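Order-wise, the sequence lines are chains V, E, H, Y, B, L, X and S. Numbering-wise, the first sequence is residues 0 to 245 according to numbering that gives the first Met the number 0. Numbering-wise, the second sequence is residues 0 to 245 according to numbering that gives the first Met the number 0. Numbering-wise, the third sequence is residues 0 to 177 according to numbering that gives the first Met the number 0. Numbering-wise, the fourth sequence is residues 0 to 177 according to numbering that gives the first Met the number 0. Numbering-wise, the fifth sequence is residues 0 to 352 according to numbering that gives the first Met the number 0. Numbering-wise, the sixth sequence is residues 0 to 352 according to numbering that gives the first Met the number 0. Numbering-wise, the seventh sequence is residues 0 to 73 according to numbering that gives the first Met the number 0. Numbering-wise, the eighth sequence is residues 0 to 73 according to numbering that gives the first Met the number 0.
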Amino acid sequence: MAKARKVPAIIDNPMSFCPGCGHGIVIRLIAECLEELEQDQNLIFALGVGCSSLLGGGLVTDRLHCPHGRASAVATGMKRVQPENTIVAYQGDGDAYSIGIAETINAAYRNENFTMVAINNTNYGMTGGQMSWTTMPGQVTTTSPLGRDCEITGNPLKFPELVASQFDVAFAARGAVTSPKNINKLKKYIKNGLEAQINGEGYSVIEVLSPCPTNWKLSPLNSMKRIEEELIPYYPLGVFKERKEN
Amino acid sequence: MAKARKVPAIIDNPMSFCPGCGHGIVIRLIAECLEELEQDQNLIFALGVGCSSLLGGGLVTDRLHCPHGRASAVATGMKRVQPENTIVAYQGDGDAYSIGIAETINAAYRNENFTMVAINNTNYGMTGGQMSWTTMPGQVTTTSPLGRDCEITGNPLKFPELVASQFDVAFAARGAVTSPKNINKLKKYIKNGLEAQINGEGYSVIEVLSPCPTNWKLSPLNSMKRIEEELIPYYPLGVFKERKEN
Amino acid sequence: MREIVYAGFGGQGVLTSGLVMSQVAIFKGQNATWIPSYGSAMRGGTANCTVKYGKDTIYNPAQEDPDLLLAMNGPSFEMFYPMVKSGGIILVNSDMVDCDVNVRDDVKVYKLACSTLAQEIKQPRGANIIAAAAIIKLAGDFSMEDGIQGMNDMFRKKGKEKFEAANMKAFECGFNAV
Amino acid sequence: MREIVYAGFGGQGVLTSGLVMSQVAIFKGQNATWIPSYGSAMRGGTANCTVKYGKDTIYNPAQEDPDLLLAMNGPSFEMFYPMVKSGGIILVNSDMVDCDVNVRDDVKVYKLACSTLAQEIKQPRGANIIAAAAIIKLAGDFSMEDGIQGMNDMFRKKGKEKFEAANMKAFECGFNAV
Amino acid sequence: MGDMIKGNIAIAEAAVRAGIKLYAGYPITPSTEIMEYLSKRLPEVGASFVQAESELAGINMVMGAAACGVRALTASSGPGISLKQEGISCISDEELACVVINVVRYGNGLGTLYSAQCDYHRETRGGGNGDYRCIVLCPGSIQEAVDLMATAYELAEKYRIVTVMMTEGALGQMMEPCELPDFIEPKKHPWGFDGKYTYKKIGIFDRNSMDEAVELNKKHEAIKAEEQRWEEEGLEDADYVFVAFGLPGRSVQGAVKELRAEGHKVGFIRPITTWPFPEKAFENVNKDVKGLISVEANATGQLIDDVALTIKKVIKDRNVPTFCLPCVYGIPSMKFTKEGLHKIISGEIKEAY
Amino acid sequence: MGDMIKGNIAIAEAAVRAGIKLYAGYPITPSTEIMEYLSKRLPEVGASFVQAESELAGINMVMGAAACGVRALTASSGPGISLKQEGISCISDEELACVVINVVRYGNGLGTLYSAQCDYHRETRGGGNGDYRCIVLCPGSIQEAVDLMATAYELAEKYRIVTVMMTEGALGQMMEPCELPDFIEPKKHPWGFDGKYTYKKIGIFDRNSMDEAVELNKKHEAIKAEEQRWEEEGLEDADYVFVAFGLPGRSVQGAVKELRAEGHKVGFIRPITTWPFPEKAFENVNKDVKGLISVEANATGQLIDDVALTIKKVIKDRNVPTFCLPCVYGIPSMKFTKEGLHKIISGEIKEAY
Amino acid sequence: MDVITVKEERCKECGLCIAHCPNEALSFSDRLNSAGYKPVQVDDAKCIKCGICYTMCPDGVYEISHNGESGGED
Amino acid sequence: MDVITVKEERCKECGLCIAHCPNEALSFSDRLNSAGYKPVQVDDAKCIKCGICYTMCPDGVYEISHNGESGGED
Ligand SMILES: Cc1ncc(C[n+]2csc(CCOP(=O)(O)OP(=O)(O)O)c2C)c(N)n1
Ligand SMILES: Cc1ncc(C[n+]2csc(CCOP(=O)(O)OP(=O)(O)O)c2C)c(N)n1
Ligand code: SF4
Ligand code: SF4
Ligand code: SF4
Ligand code: SF4
Ligand code: SF4
Ligand code: SF4
Ligand SMILES: [Mg+2]
Ligand SMILES: [Mg+2]
């Protein structure tokens, strides 16, 4: 029953995320999929600004630090001129859905042929835990000190659902990193997204519910519990847009 | 059976739109509604950049020329500090849906309490007829010289539908100016949008299918025919989000 | 160096009138510049362009001291007639412009019913070519043959040779009318 | 003017240690500045701040020539000990820093087991106050009473008076330990 | 003497007391505490706090509020201010009044979090399209920043212009004692929209750019004549005059004090407004001065341009050399400034202009 | 001599011939013909055309393509270029190569469609955050613009910097004869991404800003030493030297010719690069020159700053007065320039610096 | 008495009113207005004052007054 | 033979692996690594080499080699 498991070479470096941060799990999954799809030597990352930026030091691969929120536009430029490379935009919820919503939506709208992985940790982690567009109702953050009031700030955004229902994209799903089971499912989603790209099917997005223990001021384990108990009921896991060929 | 009809004072000026342009009809309808709701002396327009800008010279009311695409953000600032005024963002399809998509979507997302009227004439009229995000498949424009190829540019955007299905807004509808009947319906939509705002129900959007004879290179009458025959089948008229109290 | 202003309503084709002139000059081995005026108002209003040509370098391509003016409508005439150089020439489209030929005593004003002529020769859209040809004649730098060849060359390069006969007819009409 | 650097791991509360010092100076009517260092790396790493105080205007609030250094962990000690002014004082948290007290012969190095002391007085989170108090003692500008009053004043203004007794205990412990 | 307070918090509270009715912005280190503080504080005083989707949306919300004649604020840093350039140019063009705080951080592009003054050129000359200028206030202490907050709005409103409060990362993050100002209840300006079209505006296509250019220059001249602010010392007999603003300016003051004590005839000008640049201070400079020296926290030297241009203008009868001491980021130590002088005297550092 | 061709079209075709692989941009008058032309032309040559959702997205797409080491282009005007400032600063910081065309139109904010040079300060000093500079090319004719297009890319790639092709509305809209250059097949640069991590980059948090500042200054110095471009005439004995670029520069050349013919000892410098500014040209100026005069199409005078700074630097032994003749927008007529000289000689116009 | 008024100067000859007039009461005149368009003219005998021309006109050419009053919904 | 390796220096003491190990084979050690964390230790007797710890660990601490080979899906 044992499986040989080794962190893929492109990510086999000490990472400077906080203890228990979900970023570390997700990036490893992406690297595993790329390795399995033999794309790990054929790939360019468009990194968002946020704790994603910490990958700048850890990833052994072509990667560009994009301006905050613009990774999907940058990825568009990359893919258009280098269609044979696999392009992954790796962005946080603030990066992809708030400041970058125009570029993010437009990549989906045009069905650009790359894969976006969005780390939804319900806040701006890097800058110390401000409200983001995925912050839960009532959640206390440094810019929603009395708890998020959705009456004036809007309701948490569900991007994969929006994309799946409004645009003609290749694949859209949401996963989580709370348990081995969820992690394995998430990996399948990521792989599907990458395969869609390799096959030229178009835009794929995988959102990940991911803990930010530091800013949530919860232990890593309680952060996972929060995702299970609070986030998943609001942000359902699963595939919102299935690939056509599957 | 006769109705007394007079162009409302706030708009009773020669306008510099091209012959047969829909902008002239829509702005008159807005003015009529405002007059009927007694808001014509209590109102601020946030004008988009596009042929909307031509209203700068014609409207006898508080109005601001906003940076291209940003009228919904500007309107947000206005309404937040002056909630007792009626605020209308008047924008073209390029302004609202392309360059301004972030600000437009975010106003809907936060359910900001103002009314947006979007003139969808399937191109950038002011700058000479480039493709916009509502340009029809196959439509020839100066930047889609061989006809719009939706495979690489995406499919025409349906904003009221997107807003109605994704966000918790007060009112969303689409009308057209092709016939007296459609014009009268459109006026009801606009009135509903404004009433929603006056009652504090939140964001309202009314999109209008509107002819741009100059850039379509069609006569005013044939432009109306194009809307009836080509546009309405793709962009259905009607209310996509009904007001709650109605 | 010669400087000519072509002005009229947006739809009257004055930009093309000017282009024909510049093209004829180039065709004859001279230098030329063509510059349209365009301002903040996009809809309606007047259109105009300035053409300069000559054997020497053209420094400033913009309007400075026009030797000739083509005024295809009233507002253009009003706007530009005071700017014409002393000793210069104004050609007005008398179908649209109702002016006093003695509006300035240091300038010669010619009237030509461009639209009427165009109707007469059954080239309803040819008024601007008629005017262009008349201006070339009045400027006196090129022969009718040069003018026609230069013009044909230009339309051929634009892939519009099918209008050649019509354009030539209009050109001849205009050239001979002043 | 006195200049003191407080340095340690992110979680060790050195920024507060420095703040106590600056607050005591203000409380006694002096000028003071407190400036944290913050760089590109947000996660992990060391934290430090520089406090300056004195009766005169403080021009440059940033680190220049520290008279004293508090080094709560090894990396901080390594980084800052060379910068201390000749004749200056270094206080190291001997629970974390294992150093030679004679690392520099022109500087006096004191060792204090801040974390151990904190455990001993049953204030496990009080190591930074202990260190702060020890530094105040070593600097020699303020009495223990002044120090305690200044500190209490600061926490009261932050609405944290409930920790007053505990903080005082830690302060006394640190002040008396060097 | 007030309590120890963090620069960003003090500035935010000073804005509240200056009567702002709206803050709209997006977080970015080292400016974020301003918005974090206001997210709690503004609702308490009945004003609006909007966490905008981006810096760009933020400045446009400010434009909307400013158009209504109320006091509105946004704050950011580095790339965030870059994103506001179109908006700032538009607000300037519409002659609306508002305040933008730039808590400057070092670096091109994404940049760093280090404290710096690398946006000098952009803030003093406008990074948006066109010929507009913003009034630029550069406090050297938290107290000065706080005291300038109401001034920032008064100037913005007096001239219908954008005021940029250009602080530095370090000023935002440091603490020192500070007395907070009293509350002001600003009047709504007559040109603010009220929905009743009491203030008539002409449409954008009806404007006359030639006339407006004349007006713009007049306005700039008036601001230059009236609103220069600076601190100076020792100019009358100085062989060398340092010019530095903000925290470097303050550090240079200390260095000058020490240099004087050591017998060097030096003086300083600390511009508080960097636009309008304090030309009047330069008129007080010893006519036999041997050189002017800018000390600045950036890589290339930016302030030096204004120093050179201004001394050229003011001392007409000869060409006074101007030197630049850029320290890249942080606050230059007093030692740095003093050593710089010696290198200039010895000829090791050549003049920039 | 080539055929009559519109400036924007000629420039777009020249870009195609320089081997661009991607254009991404958003329409705005008077630059739009560039993108309209390329929407048809690029697919013909197997390159990508993307109509971006905004100018901001456009520059970021260009950044993506540039990161892959291929030639990419965007063009815009007025507020559209303002929206690209963050992106330009980021591309500069990443040391990628690309070309941005600014077909300058007059005005702050939404502005006008008039031809102008009002973005001079911004383009030559950077409107984004930080200390970066772009190489700025300012053609005076369609032929020169076309000839500079390949140069623009070569410079961008040689120095890994952004080149701004700063044209003017009038140059984009006018026609004159022009010979188009030959096709180039540019090599992909080794630092372009290929998916194989052949070019190693360090992460953003591992960079050393102090070292990079030194490198940045070295690069700037190298560009200043090597890449100044200008046209000049009559400098050796000139009493007055005009400085003007672009179409005003060309008009000034004509005025100088006439003034010379009338017996005035005048000369001109027409900067083709405005950054690096052609300091070397100033070294050729008559040491006894009475004044330098900038002629520029903006409201406030911008180029004048560089003229003053440069002459201050070059002629060290005295303070040469510098005058400014701003014409707001359009192309200054030769008459305007000539009258300006007379007003300067008569003392009616005072020196700016 | 209902009266229909035409602001000829504003007409841009687009023809939308003519196409929708239920009673064929509208046509283009032979005059040119100052903008160069041939403005509409109403055949009062045919006009039933239904207001459709007002509704369709983008340029505010029409006004219909009802017993001397004009404006508003009835 | 399956072998589990622990890169102690990378461990940040988050505890996610411990919580999910199906056989309670993991615990924190008493040592401090250079970042100041107490890294995990494996009780080899209890460990069934299921790889769950690898799956959960955000910091690449674990490697499990299978008959001397490591990596990839099986
Ligand atoms: C233009 C710009 N605005 C703001 C910032 C500051 N900033 C950096 S990261 C970040 C938020 C990141 O949040 P998210 O994308 O959710 O990523 P996380 O850190 O949570 O993974 C912000 C606001 C910036 N770098 N650039
Ligand atoms: C930042 C910026 N980018 C581009 C432009 C140029 N521009 C002016 S209007 C316009 C398009 C308008 O199209 P739309 O919004 O559909 O309005 P329409 O004219 O069709 O009614 C564009 C691209 C601008 N003014 N500002
Ligand atoms: S701040 Fe949050 S998202 Fe960022 S590294 Fe720490 S835990 Fe992860
Ligand atoms: S260009 Fe089109 S939208 Fe603009 S005024 Fe003319 S017809 Fe109307
Ligand atoms: S009112 Fe009715 S009947 Fe009369 S002209 Fe108008 S549309 Fe025709
Ligand atoms: S609809 Fe109006 S503008 Fe058009 S033809 Fe009729 S009256 Fe004239
Ligand atoms: S491999 Fe499985 S049993 Fe062994 S330590 Fe890891 S989780 Fe526990
Ligand atoms: S999951 Fe990894 S980092 Fe966390 S405790 Fe286990 S081994 Fe250490
Ligand atoms: Mg996040
Ligand atoms: Mg449109």
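C-beta atoms are modelled at their ideal positions from N, C-alpha and C, and glycine is treated no differently. The structure displayed is predicted, hence computed values, not measured ones.
Can we count VAL39 of chain S as close to ligand 7, meaning its CB is less than 6 Å from some heavy atom?
-> Within the eighth sequence, the letter at position 40 stands for residue 39 of chain S. Checking the Cβ of VAL39 of chain S against ligand 7 gives no.
If you measure from the CB of CYS75 of chain X, is any heavy atom of ligand 4 nearer than 6 Å?
-> Only positions 0 to 73 of chain X appear in this structure, which leaves residue 75 of chain X out of reach.
Can you say whether GLY262 of chain B is buried or exposed, counting buried as having 16 or more other CB atoms within 10 angstroms of its CB?
-> Position 263 of the fifth sequence, counted from the first residue, corresponds to residue 262 of chain B. Exposed, because fewer than 16 other Cβ atoms sit within 10 Å of the Cβ of GLY262 of chain B.
Beta strand (DSSP E) segment containing SER36 of chain Y, residue limits | Residue numbering aside, residue 36 of chain Y sits at position 37 when the fourth sequence is read from its first letter. Where SER36 of chain Y is concerned, the enclosing beta strand (DSSP E) starts and stops at 30–36.
Taking the alpha carbon of ASN221 of chain E as the point to measure from, which residue in X:LEU15, X:ARG9 and X:LYS6 has its own alpha carbon closest?
-> Your numbering for residue 221 of chain E matches position 222 in the second sequence. It is X:LEU15 whose Cα lies nearest to the Cα of ASN221 of chain E.
Could you check what DSSP says for TYR198 of chain L in three-state terms: helix, strand or coil?
-> Numbered from its first residue, the sixth sequence carries residue 198 of chain L at position 199. Three-state result, TYR198 of chain L: coil.
Cα-Cα, which of L:TYR239, L:GLY77 and L:GLN116 is closest to ARG259 of chain L?
-> Taking the first residue of the sixth sequence as position 1, residue 259 of chain L is located at position 260. The candidate whose alpha carbon is nearest that of ARG259 of chain L is L:TYR239.
For ILE104 of chain V, which option in V:ASN12, V:ASP167 and V:ARG225 has the closest C-alpha, if you only look at C-alpha atoms?
-> Locating residue 104 of chain V in the first sequence gives position 105, counting from the first residue. Looking at the Cα atoms, V:ASP167 is the closest of the given residues.
Status (buried if at least 16 other CB within 10 Å, exposed otherwise) for LEU145 of chain V | By one-based count along the first sequence, residue 145 of chain V stands at place 146. Exposed.
Ranges of the alpha helix (DSSP H) found wholly within the segment 56–95 of chain V, counting only runs of at least 4 = 70–80
Separation of ILE151 of chain E from GLY57 of chain L, as counted between CA atoms | Working through the sixth sequence from its first residue, we reach residue 57 of chain L at position 58. Working through the second sequence from its first residue, we reach residue 151 of chain E at position 152. Roughly 16 Å between the two C-alpha positions.
Over the uninterrupted alpha helix (DSSP H) stretch that includes LEU215 of chain L, give me the two end residues.
-> By 1-based counting over the sixth sequence, the position of residue 215 of chain L is 216. Bounds of the alpha helix (DSSP H) holding LEU215 of chain L are 208–225.
Is it true that the segment 13–28 of chain S meets the segment 219–233 of chain V, where meeting means three or more beta-carbon pairs spaced less than 8 Å apart?
-> yes
For PRO176 of chain L, write down the residues that DSSP places opposite it in a beta bridge.
-> As a working note, residue 176 of chain L is residue 177 in the sixth sequence. BP columns for PRO176 of chain L point to L:MET3.
In the DSSP assignment, find the alpha helix (DSSP H) that holds THR213 of chain V and state where it starts and stops.
-> Here residue 213 of chain V refers to the residue found at position 214 when the first sequence is read from its first residue. Counting along the chain, the alpha helix (DSSP H) containing THR213 of chain V begins and ends at 212–215.
For a contact meaning CB atoms closer than 8 Å, what does ALA169 of chain V contact in chain S?
-> On the first sequence, position 170 is the one that residue 169 of chain V refers to. Near ALA169 of chain V there are no residues of chain S at all, since even the closest Cβ is about 23 Å away, more than 8 Å.
For GLU150 of chain E, which of helix, strand or coil comes out of DSSP?
-> Locating residue 150 of chain E in the second sequence gives position 151, counting from the first residue. Helix at GLU150 of chain E.
Cβ contact (3+ pairs, closer than 8 Å) linking the segment 192–206 of chain L and the segment 31–44 of chain V = These segments touch.
Partner residues on chain L for MET130 of chain E, Cβ-Cβ distance less than 7 Å = In the second sequence, residue 130 of chain E corresponds to position 131, counting from 1. The contacting residues are GLN50.
When the cut-off is 7 Å and only beta carbons count, does GLN11 of chain Y lie next to chain B?
-> Here residue 11 of chain Y is taken as the residue at index 12 of the fourth sequence, counted from 1. No, no contact with chain B.
Output, in chain order, the set of chain S residues within a Cβ distance shorter than 7 Å of ASP11 of chain V.
-> Here residue 11 of chain V corresponds to residue number 12 of the first sequence, with the count starting at 1. The answer, in chain order, is GLY59.
Alpha-carbon to alpha-carbon, LYS110 of chain H and ARG103 of chain H | Against the third sequence, residue 103 of chain H aligns to sequence position 104. Against the third sequence, residue 110 of chain H aligns to sequence position 111. In a straight line, the C-alpha of ARG103 of chain H is about 14 Å away from that of LYS110 of chain H.
Where GLU12 of chain S meets chain V, residues with beta-carbon distance less than 7 Å | Your numbering for residue 12 of chain S matches position 13 in the eighth sequence. The contacting residues are PRO18.
To which residues of the same chain is SER345 of chain L closer than 7 Å at the C-beta, ignoring the five residues directly before and after it?
-> As a working mapping, residue 345 of chain L is identified with position 346 in the sixth sequence. Hits under 7 Å: none found.
Mapping DSSP to helix, strand and coil, what is LEU31 of chain S?
-> Position 32 of the eighth sequence, counted from the first residue, corresponds to residue 31 of chain S. Three-state DSSP puts LEU31 of chain S in coil, outside helix and strand.
Kindly list the residues whose CB is nearer than 6 Å to the CB of GLY26 of chain H, restricted to its own chain and excluding five residues on each side of it in sequence; keep chain order.
-> Numbered from its first residue, the third sequence carries residue 26 of chain H at position 27. Here residue 26 of chain H turns out to be Phe, not Gly, going by the sequence shown. Excluding positions up to five away in sequence, the list reads GLY149 and ASP152.
Can you say whether VAL69 of chain L is buried or exposed, counting buried as having 16 or more other CB atoms within 10 angstroms of its CB?
-> Position 70 of the sixth sequence, counted from the start, is the residue given in the question as residue 69 of chain L. Under this definition VAL69 of chain L is a buried residue.
Rounded to the nearest angstrom, how far is the Cβ of ASP94 of chain H from that of ALA112 of chain H, given a contact under 8 Å?
-> Walking along the third sequence from the start, residue 94 of chain H turns up at place 95. Walking along the third sequence from the start, residue 112 of chain H turns up at place 113. Indeed they touch by this definition, with Cβ atoms about 5 Å apart.
Report the rounded CA-to-CA distance for VAL87 of chain V versus LEU63 of chain V, giving the unit in angstroms.
-> For the purposes of this step, residue 87 of chain V is identified with residue 88 of the first sequence, where counting begins at 1. For the purposes of this step, residue 63 of chain V is identified with residue 64 of the first sequence, where counting begins at 1. So the alpha carbons of these two residues sit roughly 11 Å apart.
Hey, THR114 of chain V and SER15 of chain V: beta-carbon distance below 7 Å or not?
-> Within the first sequence, numbered from 1, the residue matching residue 114 of chain V stands at position 115. Within the first sequence, numbered from 1, the residue matching residue 15 of chain V stands at position 16. Pairing THR114 of chain V with SER15 of chain V gives a Cβ-Cβ distance that is not under 7 Å.
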